[in-house]
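Its first residue numbered 0, the sequence shown is counted upward by one per residue in numbering that gives the first Met the number 0.
All C-beta atoms in this analysis are idealised placements derived from N, C-alpha and C, irrespective of residue type, glycine included.
None of these values were measured; they are calculated from a predicted model.
Have a look at the structure below, then the notes.
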Amino acid sequence: MKYQFPEAFWWGSASSALQTEGESQPDARGETTWDRWYQQQPTRFHQQVGPQDTSTFYQHWREDIALLKQLNHNSFRTSISWSRLIPDGTGEVNPQAVAFYNNVIDELLAQGIKPFITLFHFDMPLVMQQQGGWESRAVVEAFSRYARLCFELFGDRVLHWFTFNEPIVPVEGGYLYDFHYPNVVDFKRAATAAYHTVLAHAQAVRAFRAGQYPGEIGIVLNLTPSYPRSQHPADVKAAHHADLLFNRSFLDPVLRGEYPADLVALLQSYDQLPACQPGDAELIADGKIDLLGINYYQPRRVKCRDSAVNLQSPFMPEWLFDNYEMPGRKMNPYRGWEIYEPGIYDILTNLRVNYDNPRCFISENGMGVENEQRFNQNGQINDQYRIEFVTGHLKWLHKGISEGSQCLGYHMWTFIDNWSWCNAYKNRYGFVQLDLATQQRTVKKSGEWFARTAVDNGFNEEGDNND
Ligand code: GAL
């Protein structure tokens, strides 16, 4: 076998609470910002399908875990819903939620699947948002209590914890680019929310270390390597700025325990720095992780700006660069994202060379495709493009490992087609097809391929497992 992966490599997939649980018992969880936004602006969601209508994992967890087993997963990441566990964010623990997550964790373990648990995957309890969300230090405190409760309730069995999934996304969506609630456009508020998220992460890591829970704690970051259009200094500088803002704003605090000096100087020069308090630097230093989850979907290509900035406009990251469309780039047209497989290798190399080669794994990678029904053959989706997408990325990941990267696994987004934030069910990502009307699950071709690959711990040049 040409692409053989290390022993005990994690093969699995990722999902999240809000995107899968579904609202089978409306009284069982508190509202999140998604529920509120949907009530206020349903047209912001594809075909007006809101967060209530997700893939019923709350009822079907046992059958769904049986499917995970059928796909030969040895690990699976999902998140705990803060608003299900503690409906008002800070008060009483909901016993139904404890029972549900205990069931899920116990069943995963019974099937030989390691539970990887995220504490926050975009689903802010509404009451916490009403207190300022990540702009408020009180919410940071509330999050660390929630994290501690999770460690106490489930930490005897969960050995892989992640404080946040893609913490920069709610910052970008909620405070810069208008694709998450509260739909603010204000860089300084974005910087404050990002800063407090790092503090919340660090508080949770502190609580984890203080409690001496078994296992390890990390974070999941969406890393988008920044490629300059050319080696012209102006393009290189543009890429450096994009890298500071979109990658290193979270990567450096969690791996090095501090912010890059360049980033601090950059924000200072535009008067966009958030307020700090005494003790923050020590707290951030304590937030260093054991394990980094890497979500990789697309690269970021940039060039220097072609035009002068309108100084009357709100300060935005795009004051510092223009996005660059590389001629001939390979695209996923449904999601509008470039597909660039070597990016995964570049991320691993950067981590190995510049960050002391941390323990890491690919925690999400995937391809959303619209109208997958057209690929239906004899009742099964024949998603050869997804198999090619995964093999393409795994080959570069394999190269990274062969050069010494400590990449311990590969998780696909996602397991069963699920609800995406504003896109609802527009693009399908799963190894398993979901029939929305009947909730029936049918394994796609890619799911069968993945099951074989996981068992063989690799594949040959053509991407198949025949030798
Ligand atoms: C990621 C996110 C997931 C999922 C995925 C595909 O950014 O973590 O929740 O939605 O994108 O769209």
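Distance cut-off 7 Å: Glu363 Cβ against heavy atoms of ligand 1:
By 1-based counting over the sequence shown, the position of residue 363 is 364. Within the cutoff, so yes.
If you draw a straight line from the alpha carbon of Asn464 to that of Asn182, how long is it in whole angstroms?
Along the sequence shown, read from residue 1 onward, the residue named residue 464 stands at position 465. Along the sequence shown, read from residue 1 onward, the residue named residue 182 stands at position 183. Between Asn464 and Asn182, the alpha-carbon positions lie close to 47 Å from each other.
On the DSSP letters alone, give me the boundaries of the alpha helix (DSSP H) that Gly11 sits inside.
Reading the sequence shown from its first residue, position 12 is the one you call residue 11. It is not in any alpha helix (DSSP H) - Gly11 instead sits in the beta strand (DSSP E) that spans 9-13.
Give the range of the beta strand (DSSP E) segment to which Trp160 is assigned.
For the purposes of this step, residue 160 is identified with residue 161 of the sequence shown, where counting begins at 1. Start and end: 159-164.
Any heavy atom of ligand 1 closer than 7 Å to the beta-carbon of Gly173?
Translated into the one-based positions of the sequence shown, residue 173 becomes position 174. The answer is no for Gly173.
Exposed or buried, what is Thr437 when buried is set at 16 or more other beta-carbons lying within 10 Å of its beta-carbon?
The count along the sequence shown starts at 1 and reaches residue 437 at position 438. Under this definition Thr437 is an exposed residue.
Give the DSSP bridge partners of Asp321, in chain order.
By one-based count along the sequence shown, residue 321 stands at place 322. Asp321 is bridged to Lys302.
Less than 8 Å between C-beta atoms, sequence neighbours within five positions excluded: which residues of the same chain meet that for Val263?
As a working mapping, residue 263 is identified with position 264 in the sequence shown. So the qualifying residues of the chain are Leu272.
Do you know offhand how far Val301's Cα is from Gly90's?
Taking the sequence shown and counting its residues from 1, the one referred to as residue 301 is at position 302. Taking the sequence shown and counting its residues from 1, the one referred to as residue 90 is at position 91. Roughly 46 Å between the two C-alpha positions.
Using CA coordinates, which residue listed in Phe414, Asp63, Ala284, Asn456 is at the minimum distance from Glu363?
Taking the sequence shown and counting its residues from 1, the one referred to as residue 363 is at position 364. Per the Cα distances, Phe414.
Bounding residues of the beta strand (DSSP E) (the contiguous stretch that carries Tyr226)
In the sequence shown, counting from the first residue as 1, residue 226 sits at position 227. Start and end: 225-227.
Take Ile386 as the anchor and find which of Gly403, Thr191, Gly367 has the nearest alpha-carbon.
As a first step, residue 386 must be located in the sequence shown, where it is residue number 387. Of Gly403, Thr191, Gly367, the residue nearest in Cα terms is Gly367.
Rounded separation between Lys1 and Ala146 - CA only:
The residue labelled residue 1 in the question sits at position 2 within the sequence shown. The residue labelled residue 146 in the question sits at position 147 within the sequence shown. The alpha-carbon atoms of Lys1 and Ala146 are separated by roughly 42 Å.
Give the DSSP-derived three-state secondary structure of Glu215 in the structure shown.
Sequence index remark: in the sequence shown, residue 215 carries index 216 (1-based). If DSSP states are grouped into helix, strand and coil, Glu215 belongs with the strands.
Here's the rule: buried if 16 or more other CB atoms are within 10 angstroms of the residue's CB, otherwise exposed. What is Asp466?
The count along the sequence shown starts at 1 and reaches residue 466 at position 467. Low local confidence applies: a pLDDT of 49 at Asp466 is under 50, so the model's placement there is unreliable, and no value is given.
What residue from Ala307, Pro298, Asp251 has the CA that sits closest to Gly286's CA?
Here residue 286 is taken as the residue at index 287 of the sequence shown, counted from 1. Closest option to Gly286, Cα to Cα, is Asp251.
What did DSSP end up calling Thr452 once you bin it into helix, strand or coil?
Taking the sequence shown and counting its residues from 1, one reaches residue 452 at position 453. Thr452: helix per DSSP, three-state reduction.
Could you tell me if Ser268 is buried or exposed, where buried requires 16 or more neighbouring beta carbons within 10 angstroms of its beta carbon?
Residue 268 sits at position 269 when you count from the first residue of the sequence shown. Ser268 should be labelled exposed.
Here's the rule: buried if 16 or more other CB atoms are within 10 angstroms of the residue's CB, otherwise exposed. What is His231?
What you label residue 231 is simply residue 232 of the sequence shown in a count that begins at 1. So His231 counts as exposed.
Can you list the beta strand (DSSP E) stretches of 3 or more residues lying completely in the segment 4-84, in chain order?
9-13, 74-78
Buried or exposed by the 16-neighbour rule on C-beta atoms within 10 Å, applied to Pro326
One-based indexing of the sequence shown puts residue 326 at position 327. Exposed, since its Cβ has fewer than 16 Cβ neighbours within 10 Å.
Applying the 10 Å Cβ sphere with the 16-neighbour rule, what's the burial state of Gln108?
What you label residue 108 is simply residue 109 of the sequence shown in a count that begins at 1. In the sequence as displayed, the identity of residue 108 is Leu instead of Gln. Exposed: under 16 other Cβ atoms inside 10 Å.
Which stretch, first to last residue, makes up the alpha helix (DSSP H) that contains Phe388?
Mapped onto the sequence shown, residue 388 falls at position 389. Going by DSSP, Phe388 is part of the alpha helix (DSSP H) stretching over 383-401.
With H, G and I counted as helix, E and B as strand and the rest as coil, what does DSSP make of Phe153?
Sequence index remark: in the sequence shown, residue 153 carries index 154 (1-based). It is helical.
Going along the chain, which residues of its own chain have a beta-carbon closer than 7 Å to the beta-carbon of Tyr100, five neighbours each way excluded?
The residue labelled residue 100 in the question sits at position 101 within the sequence shown. Counting only Cβ-Cβ distances below 7 Å, and skipping sequence neighbours, we find Ile79, Phe153.
Got a sec: does ligand 1 put a non-hydrogen atom nearer than 7 Å to the Cβ of Gly467?
As shown, the chain starts at 0 and ends at 466. That puts residue 467 outside it, with no answer to give.
Which residues bound the beta strand (DSSP E) around Gly408?
Within the sequence shown, the letter at position 409 stands for residue 408. Segment 406-412, the beta strand (DSSP E) holding Gly408.
For Ala423, the residue or residues it bridges with in DSSP
Walking along the sequence shown from the start, residue 423 turns up at place 424. Ser419, per the DSSP bridge assignment.
DSSP three-state assignment for Asp466, whether helix, strand or coil:
Here residue 466 corresponds to residue number 467 of the sequence shown, with the count starting at 1. Because the pLDDT at Asp466 is just 49, under 50, the model does not fix this residue reliably, and the value given afterwards should be weighed accordingly. Here Asp466 sits in coil by DSSP.
Should Val486 be counted as a contact of ligand 1 given a C-beta to heavy atom distance under 7 Å?
No statement about residue 486 is possible, as the shown extent of the chain runs from 0 to 466 and does not include it.
Distance between beta carbons of Ala209 and Thr162, contact taken as under 8 Å:
Position 163 of the sequence shown, counting from 1, holds the residue named residue 162. Position 210 of the sequence shown, counting from 1, holds the residue named residue 209. No, Thr162 and Ala209 are not in contact; Cβ-Cβ is about 15 Å, not under 8 Å.
With DSSP collapsed to three states, give me the class of Val184.
Translated into positions along the sequence shown, residue 184 becomes position 185. Val184 falls in the coil class under three-state DSSP.
Any chance the CB of Lys297 is under 7 Å from a heavy atom of ligand 1?
Residue 297 sits at position 298 when you count from the first residue of the sequence shown. The question names Lys, but residue 297 is Gln in the sequence shown. No, ligand 1 has no heavy atom inside 7 Å of this Cβ.
With DSSP run on the structure shown, which of helix, strand or coil describes Lys113?
By one-based count along the sequence shown, residue 113 stands at place 114. Looking at Lys113 - three-state DSSP - the assignment turns out to be strand.
Shorter than 7 Å, the distance from the beta carbon of Glu257 to the closest heavy atom of ligand 1, or not?
Here residue 257 refers to the residue found at position 258 when the sequence shown is read from its first residue. No, ligand 1 has no heavy atom inside 7 Å of this Cβ.
Contact set for Leu290: own chain, Cβ-Cβ below 6 Å, skip 5 residues either direction:
The residue given as residue 290 occupies position 291 in the sequence shown. Hits under 6 Å: Glu215, Gly217, Arg358.
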